[in-house]
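Numbering of the sequence shown is given in our numbering, commencing with residue 26 and proceeding in unit increments.
Just so it is clear, CB atoms sit at the ideal spot from N, CA and C, and this is done for glycine as well.
No experiment lies behind these values; they were computed from the predicted model shown.
Here is the structure we will look at.
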Amino acid sequence: MWKNLLHGQFELASTGTLTIDGDSFIVDASSSRVWQKLWRTFNFSDGLFEITNNSIRIHTSFVDNITGGIIRTGGTLSTVYSNTFKPSGGTLEFTSDNYGSYIDCSNGNYVYNVVRNSSNTFLLQSDLIIKNDLTIDAGVLNPNSHNIAIGGNWTNSGGIHIYDNDSYTLTEDITGGTIRTVGNFTGTRTDFNPTGGTIELYGSTDANLSMGVGSNFYDILINKTTADKITKESKDEKIISYNRDGTVIELTRNNGVNAISALDINGGIIIDAGVFNSGTQIISVNGDVDINVGGLFGIEQNGTLKLDAGSTLDVNSGGELQVIGTNQIVLNWTYTEAVDYFNIYRSTDPYNFSGATVFTTSSVGYSEPATGTKYFYYVTTENTTDNEVSRKTRKLGKIQILGEIGK
Numbered sequence: 026m027w028k029n030l031l032h033g034q035f036e037l038a039s040t041g042t043l044t045i046d047g048d049s050f051i052v053d054a055s056s057s058r059v060w061q062k063l064w065r066t067f068n069f070s071d072g073l074f075e076i077t078n079n080s081i082r083i084h085t086s087f088v089d090n091i092t093g094g095i096i097r098t099g100g101t102l103s104t105v106y107s108n109t110f111k112p113s114g115g116t117l118e119f120t121s122d123n124y125g126s127y128i129d130c131s132n133g134n135y136v137y138n139v140v141r142n143s144s145n146t147f148l149l150q151s152d153l154i155i156k157n158d159l160t161i162d163a164g165v166l167n168p169n170s171h172n173i174a175i176g177g178n179w180t181n182s183g184g185i186h187i188y189d190n191d192s193y194t195l196t197e198d199i200t201g202g203t204i205r206t207v208g209n210f211t212g213t214r215t216d217f218n219p220t221g222g223t224i225e226l227y228g229s230t231d232a233n234l235s236m237g238v239g240s241n242f243y244d245i246l247i248n249k250t251t252a253d254k255i256t257k258e259s260k261d262e263k264i265i266s267y268n269r270d271g272t273v274i275e276l277t278r279n280n281g282v283n284a285i286s287a288l289d290i291n292g293g294i295i296i297d298a299g300v301f302n303s304g305t306q307i308i309s310v311n312g313d314v315d316i317n318v319g320g321l322f323g324i325e326q327n328g329t330l331k332l333d334a335g336s337t338l339d340v341n342s343g344g345e346l347q348v349i350g351t352n353q354i355v356l357n358w359t360y361t362e363a364v365d366y367f368n369i370y371r372s373t374d375p376y377n378f379s380g381a382t383v384f385t386t387s388s389v390g391y392s393e394p395a396t397g398t399k400y401f402y403y404v405t406t407e408n409t410t411d412n413e414v415s416r417k418t419r420k421l422g423k424i425q426i427l428g429e430i431g432k
């Protein structure tokens with residue numbers, strides 16, 4: 026791959042053509058606040074086009090043949106002339122450390138992928154349409170009272186705060202896609218209610234998960250690459266976070282994700298890797314909970330997992346459900362006259378549910394014969410024995426356990 030390095034200013038003339046197909050073209054002149062102007066045809070399928078310290082302006086006669094590659098600028102991008110900038114691929118990367126740098130992409134223009142990677146605040150000067158992914162590796166992206174539409178996924182390396190401030194209006198229209206962060210996901214608003222999409226907490230660092238009263242998540246994916254099992258003994262290192270009312274919370278470190286408020290999840294939870302720790306919170310799930318190989322769901326002392334009617338808790342082979350102390354798994358259902366039991370399937374015996382209390386709004390128990398299927402059941406008027414279920418028992422749902430349960 027060729028590296029073309031220019032130490033002066035650059036302008037793509039109105040009669041010119043610039044083609045980059047796997048090479049790099051870098052303009053590293055020192056910052057002079059001079060626009061590097063692109064007037065004509067840009068054929069770009071792969072490689073790097075970099076304006077290291079200055080800004081890029083797309084002009085009226087610009088011909089956009091951008092299908093890939095990285096356009097990197099240490100300044101601002103201005104593309105305000107109607108329908109001149111509509112890439113079908115590629116990434117715009119903003120690396121400016123200068124406060125006041127911005128992107129102005131309006132009048133029918135849009136970008137494909139956007140990466141923010143510097144230490145300062147970056148502003149929007151207009152509404153921004155991102156056809157694919159937004160990645161914030163460092164610094165702050167300030168919408169500046171404008172809207173951002175993301176067609177793909179949103180990845181944030183520094184944590185996300187859905188902020189409650191009377192001075193700003195949040196318009197949320199999340200129906201799909203994935204919002205990813207290695208940091209905390211904190212919600213303090215009461216009107217954040219996505220109807221689809223996934224919040225993914227990934228990476229090897231600890232993170233906290235919280236949401237304001239009246240708000241909810243849809244799907245949650247826990248994808249932490251390393252995790253320690255939860256123990257009753259606190260570790261020395263502490264995590265500082267904030268509760269819904271703004272009070273400081275000090276948490277022990279477990280290399281996973283900690284719930285620090287009650288969580289309402291309209292979809293489901295998938296734990297692919299790492300620990301998801303309930304703390305003392307109530308976690309209500311309308312969909313399914315899947316604990317996969319390398320995943321651990323820890324329900325701590327006074328913590329609650331609340332499963333809705335029809336929900337399934339799958340602890341798959343290699344996954345683990347830890348129940349510590351006196352804990353609660355709440356099972357909701359719709360009443361019918363059907364005579365059924367609440368099945369727990371295991372790949373092997375013995376079955377150990379040490380220290381757990383399973384309950385609903387009335388009497389609930391679980392049977393534990395020496396071998397075979399174990400039952401959770403809800404009793405209406407008749408007693409049951411360990412191996413029998415009353416004709417008036419209500420069906421609660423299904424838990425399928427192929428992995429490990431215990432302390």
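| Asked | Found |
| --- | --- |
| So, is Ser57 buried or exposed, given that buried needs 16 or more other C-beta atoms within 10 angstroms? | exposed |
| If you draw a straight line from the alpha carbon of Ile187 to that of Lys28, how long is it in whole angstroms? | 42 Å |
| According to DSSP, is Ile285 helix, strand or coil? | coil |
| Is it the case that the Cβ atoms of Asn68 and Thr42 are separated by a distance below 8 Å? | yes |
| List the DSSP bridge partners of Phe87. | Phe87 is not bridged to any residue. |
| Indicate whether the contact test is met: 3 or more Cβ pairs, each with one atom in the segment 153-173 and one in the segment 120-140, closer than 8 Å. | yes |
| With 16 other CB atoms within 10 Å as the buried threshold, where does Leu195 fall? | exposed |
| Please go through the segment 82-138 and give each complete alpha helix (DSSP H) segment of 4 or more residues, from N-terminal end onward. | none |
| Given that a residue counts as buried once 16 or more other Cβ atoms are within 10 Å of its Cβ, and exposed if not, what is Glu258? | Here the model assigns Glu258 a pLDDT of 39, short of 50, so the residue's position is not dependable and the matter cannot be decided. |
| Report all residues from its chain with a CB closer than 7 Å to the CB of Ser240; omit the five preceding and five following residues, and keep chain order. | Gly212, Arg214, Thr215, Asp216, Phe217, Asn218 |
| Judging by CA-CA distance, which residue of Leu166, Ser192, Ile76 is the nearest neighbour of Val55? | This sequence places Ser at residue 55; Val is not what is there. Checking every option, the nearest Cα to that of Ser55 belongs to Ile76. |
| Can you check which of these residues, Asn317, Thr305, Thr337, is closest to Thr433 by C-alpha distance? | This structure gives no information on residue 433, because the portion of the chain shown stretches from 26 to 432. |
| What are the uninterrupted segments assigned as alpha helix (DSSP H) that are 4 or more residues long and contained completely in the segment 138-209, given in chain order? | none |
| Using the Cα positions of Val165 and Val300, report the straight-line distance between them to the nearest angstrom. | 28 Å |
| Under a Cβ-count criterion, where at least 16 other Cβ atoms within 10 Å of its own Cβ denotes burial, should Val88 be classed as buried or exposed? | exposed |
| With DSSP run on the structure shown, which of helix, strand or coil describes Thr44? | strand |
| If you run the structure through DSSP and keep just helix, strand and coil, what is Asp333? | coil |
| Please list the terminal residues of the continuous beta strand (DSSP E) segment that includes Gly74. | It should be noted that the sequence gives Phe, not Gly, for residue 74. Counting along the chain, the beta strand (DSSP E) containing Phe74 begins and ends at 66-76. |
| Would you mind sorting Asn233 into buried or exposed? The rule is 16 or more other CB atoms within 10 Å of its CB. | buried |
| Residue range of the beta strand (DSSP E) that Glu225 falls in? | 221-228 |
| Assuming Leu63 is part of the beta strand (DSSP E), what are its boundary residues? | 60-63 |
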